[in-house]
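These notes are about the structure you will find just below.
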Ligand SMILES: *Cc1c(COP(=O)(O)O)cnc(C)c1O
């Protein structure tokens, strides 16, 4: 039995007519870049995430870049060059155990990513490590709600407040996640969403969003996403082309209506895995903190002999993923920052041990059984 990591074809088949109708509407109107469909979708996401302002942009990565630019982070300092040491640059504290776009955006803004270690239970930023990494050059804290579970936002918020620093939530994997009833995207100075097709709310291509409660920051992001143009052909700042396509917004509005049902299905799959894998000593199932709503963008176990297990599952038709195999602090492009193996022990251990299992909403019970039984069979050999 084949078990894919995602099943977007099945998902699309269920909403095909609605998506095609919405996309056709946009095409009939021909306002295809940053048009009315984008305004509608922004209002819907602002409400869904409990944020005052939402700005559609071209990707999650661009959402991060625009936010950093709008906050002026990295702007006054010489931009970091590839492989360079970033000496004297403004610093942004962030995890090394995340998708590349998080730190890549910090770098592209001209600031220096300062990598701190993670909490081994949740894989999220360790708030004590963040507090310890603050210097007089720190300009922001950029936590990532990894796999769909929110970070310790209270502790991070206290540190940020004490040092008067903005918090930028990388919520690319966490749309709809909650911390004590508060939605991802509503707690930081700003938050960034990704609608890359494989995300829980995925577009038909690339798209992203900036969320914020701050009207001035929202206005700056809106201008920066369109070449810093405040009025037509009048440029007070240098921005970029970070606009969202209207057909993406139209398709996303259709999909947003399904998101809670999909999240419930992911959570039910996670609960079923937790139950079935409970007796397997070689496997540690994910921890959902009591005050969180984990949306299981990924269901990630720690597994003994991870690579062997993965090969065994592949032989049985089961896809799995390793997010992420190499910490960003050890990537060649950041060599100039001077990190060495051993600097972030929990990040490096996670890179060796994590394995993401299929948890998508379209996963059928017999597929889930096949995954769980195969893991048991591997360790029983
Ligand atoms: C997907 C992702 C991004 C980047 O989003 P894109 O839309 O692919 O540019 C950034 N951060 C994290 C944590 C992500 O998972």
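In the numbering used here, the protein residues as written are 7 to 387. We put the beta carbon where it would ideally sit given N, CA and C, even for glycine.
Sequence-distant residues of its chain with Cβ nearer than 6 Å to residue 57 (five each side left out): By the criterion of a C-beta distance shorter than 6 Å, residue 57 is surrounded in its chain by 191, 192, 217, once the five residues flanking it on both sides are discounted.
DSSP state of residue 185, grouped into three classes? In this structure, residue 185 counts as strand in the three-state DSSP scheme.
Heavy atom of ligand 1 less than 6 Å from the Cβ of residue 178, yes or no? Result yes, Cβ under 6 Å from ligand 1.
Report buried or exposed for residue 236, applying the criterion of at least 16 other Cβ atoms within 10 angstroms of its Cβ. It is exposed - the Cβ of residue 236 has fewer than 16 other Cβ atoms within 10 Å.
For residue 376, which three-state DSSP category applies? helix
If the criterion is Cβ atoms closer than 7 Å, does the pair residue 304 and residue 9 meet it? No.
Would you report the Cα separation of residue 165 and residue 282, rounded to the nearest angstrom? 39 Å
Flag this pair as touching only if the segment 263 to 272 and the segment 217 to 236 have three or more C-beta atom pairs under 8 Å; answer yes or no. no
May I ask whether a heavy atom of ligand 1 can be found less than 6 Å away from the beta carbon of residue 202? yes
From the DSSP secondary-structure annotation, give me the bridge partner or partners of residue 119. 98
Could you check what DSSP says for residue 59 in three-state terms: helix, strand or coil? strand
Compute the minimum distance between the beta carbon of residue 100 and the heavy atoms of ligand 1, and state whether it is under 6 Å. A distance criterion of 6 Å places the beta-carbon of residue 100 beyond contact range of ligand 1, judged by its closest non-hydrogen atom.
Where residue 307 sits in the DSSP three-state scheme: Residue 307 falls in the strand class under three-state DSSP.
Would you be able to state if there are at least three C-beta pairs under 8 Å between the segment 36 to 44 and the segment 251 to 258? yes
Cβ of residue 69 within 7 Å of Cβ of residue 159? No, Cβ-Cβ distance for residue 69 and residue 159 is not below 7 Å.
Does the beta-carbon distance from residue 162 to residue 181 come in below 7 Å? no
Beta strand (DSSP E) containing residue 262: first to last residue? From DSSP, residue 262 is part of no beta strand (DSSP E) but of the alpha helix (DSSP H) over 252 to 262.
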